[in-house]
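Working notes, beginning with the structure itself.
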Amino acid sequence: MYAQMIKSTGQNVKSPEEMDPQERAFQERVDAGEKIEPKDWMPEGYRRTLIRQIGQHAHSEIVGQLPEGNWITRAPTLERKAILLAKVQDEAGHGLYLYCAAETLGVSRDHLTRDLLSGKMKYSSIFNYPTLTWADMGAVGWLVDGAAIMNQVPLQRTSYGPYARAMVRICKEESFHQRQGFDIMMKMANGTEAQRKMAQDALNRFWYPSLMMFGPSDENSVHSAQNMAWKIKMNTNDELRQKFVDQTAPQAAFLGLTIPDEHLKWNEARGHYDFSEPDWDEFFDVLKGNGPCSADRMEARNRAWDEGAWVREGLLAHAEKKKARKVAAE
Amino acid sequence: MTDPLFEFLCRLGDNTLVLGHRVSEWCGVAPVLEEDIALANTALDLIGQTTMWLNLAGEVEGAGRDADALAFRRDVWDFRNLLLVEQPNGDFGQTMMRQFLFDAWHVLYLTELEKSSDARVAAIAEKSLKEARYHLDRASETVIGLGDGTEESNARMQAALDRLWPYVGEMFDSDAVDMDMVAKGIAPDPGTLRPGFDATVNPVLRKATLTRPESDFAHRGGRSGARHSEHLGHLLTQMQWLQRAYPDATW
Ligand SMILES: [Fe+2]
Ligand SMILES: [Fe+2]
Ligand SMILES: [Fe+2]
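So the protein sequences, as listed, match chains A and B. According to my numbering, the residues represented by the first sequence are 1 to 330, in order. According to my numbering, the residues represented by the second sequence are 1001 to 1251, in order.
Structure representation (structure tokens):
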């Protein structure tokens, strides 16, 4: 999940009686499964929460380029290099669609970018972990894109039209990424001794951070309740995490790799795998900016933005000159 | 002497390989999101072209090497790319200026290669040319936009042009390999392409309000492999590391 701990209004969900007529009509449309479009009336809390969520998702796509970009220049074959480049290019494209979706809510891409660079807005905790071997390109596709899909497939039915439509496009590409990641893992897991070791090591390092992507349990969260009532969140974090573990455990077995959890076990009665919770202290440390690569990621994004300023200004100045020349010629 | 056709194909494939690698170094850190996407796209095209040229080179050589073996297992002295493409990215302006100068030559060269007597060469050229034309359009627009932008962007683009101009001349060198290709109708004499290059480049530089350097001094040694710059070795160190560290692995 690329959006974590999205704060909503902080209030309990209003009952229909507590809503004013406009709010009630809005909620009825959402309940009926209608899409809310940019020009429609919407509660201010809905708008602001969506900006936070879509913005965080967009930032995650952008920062998410870095851990994988880390291996583009070291990809082991021309084909792998091309696949990885295309993937990272897709992620930039996802960022672009999502910023566009956020813009329909009245916030500019530049504004959101500044909030990312100042640390005011967050991106997914997962991208604060390092990619240390080529097998990590497999693990990221398999687990990270895999976890993202768990969250994003239901979001194709989210109540906000532009967000739902962005998700439809994005999900197609994400499932492609996951298959490519799994393909790398297969090659590694069935490769030389050193490659198998890399594959297992990648799974060891990415397993719990992937579980953290869904965020801590939010069964009792007022934020989560409101966001679910608005259909900008479709499932609880625990539901999605369980689904992810249920899907991934057999895949790991197929690869001949061991998930680093001695309590991972099929529970016949529940019809689900039992598994250990990740270390939530670590998660909160990462959110506070103390992830293993948090400082690196923020530095990289800030440097790109600062060093790119003259380019953006230059192109803008040229566009204005061109416009002025055109006006003068008319 | 090695087969001139093999040499010729390595020159083409190494140009796109090394430039594609350089462009891919921008991944995730371009000045705007649209440029991240566009640069990745350029790098992808170049890597695709590399695969075609180097696979054909391997086929012509007949020693069982494919594009990956040629890309990842040769050392500096066996590379045949122009010095221009191995130059470091510098700032975004320098990257785009390098791209522009290369594309201006590349489009002309590929246009001639489309008429090659070797059908395999002609086919790759035809496919590559579409991409190269698009790259040239984009790079020209960027050079014009930044040259004719702010005072700072103009100064940076002029500095990039001055820095890279000494690597232009090598693109128009001809040697025994080229003469052999000309004799067989496979490829043109690069020397004949200079007027076309000037006709492409001069108007763009004019619109960009940039001054074409007066000296046509040219560094040489890339396409012959006689003397690369120090930069290529570092590039290969990174690019080839996995293949070299785990030679018995498949990926
Ligand atoms: Fe994505
Ligand atoms: Fe992603
Ligand atoms: Fe993805």
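All C-beta atoms in this analysis are idealised placements derived from N, C-alpha and C, irrespective of residue type, glycine included. Remember, it's a predicted structure, so these values are computed and weren't measured experimentally.
Can residue i and residue j be called in contact, C-beta distance under 8 Å?
i, j, result
"D1103/B", "H1135/B", "yes"
"D1173/B", "L78/A", "no"
"P1088/B", "W1165/B", "no"
"T1255/B", "T1016/B", "Only positions 1001 to 1251 of chain B appear in the structure, and residue 1255/B is not among them; the question remains open."
"L1009/B", "L1046/B", "no"
"Q11/A", "V222/A", "yes"
"R52/A", "K7/A", "yes"
"A295/A", "M198/A", "no"
"G95/A", "A58/A", "yes"
"A92/A", "Q65/A", "yes"
"G181/A", "V245/A", "no"
"G1090/B", "A82/A", "no"
"M1097/B", "V1143/B", "yes"
By a C-beta neighbour count over all protein chains shown, 10 Å radius and 16 as the cutoff for buried, is residue i buried or exposed?
i, result
"G1149/B", "buried"
"E18/A", "exposed"
"T1237/B", "exposed"
"V168/A", "exposed"
"P67/A", "buried"
"T248/A", "buried"
"S108/A", "exposed"
"F254/A", "exposed"
"Q22/A", "exposed"
"A1155/B", "exposed"
"D1036/B", "buried"
"R270/A", "exposed"
Report whether the distance from the Cβ of residue i to the nearest heavy atom of ligand 3 is below 7 Å.
i, result
"H57/A", "no"
"D145/A", "yes"
"D90/A", "yes"
"K87/A", "yes"
"E174/A", "yes"
"H177/A", "yes"
Kindly examine ligand 1 and report whether one of its heavy atoms sits closer than 7 Å to the Cβ of residue i.
i, result
"I170/A", "yes"
"H94/A", "yes"
"E68/A", "no"
"E1126/B", "no"
"E103/A", "no"
"E28/A", "no"
"E193/A", "no"
"E61/A", "yes"
Helix, strand or coil, according to DSSP, for residue i in the structure here?
i, result
"N70/A", "coil"
"N190/A", "coil"
"N235/A", "coil"
"N12/A", "coil"
"K1207/B", "helix"
"H318/A", "helix"
"N1055/B", "helix"
"K265/A", "strand"
"I36/A", "strand"
"H1219/B", "coil"
Can you give me the Cβ contacts of residue i inside the same chain, cut-off strictly under 6 Å, excluding the 5 residues immediately before and after it?
i, result
"A126/A", "Ala is not the amino acid found at residue 126/A; the sequence shown has Ile there. Around I126/A: V144, P209 and M213."
"G1064/B", "none"
"L1146/B", "G1093, S1153 and M1157"
"Q1243/B", "F1072"
"N1081/B", "D1014, N1015, V1018 and G1222"
Skipping 5 residues on each side, what residues in its chain have a beta carbon closer than 7 Å to that of residue i?
i, result
"L1113/B", "V1121, A1122, A1125 and A1187"
"L117/A", "R301, N302 and W305"
"T1211/B", "Q1158"
"D1216/B", "G1169"
"R1138/B", "A1038"
"L98/A", "I54, H57, A58, E61 and A166"
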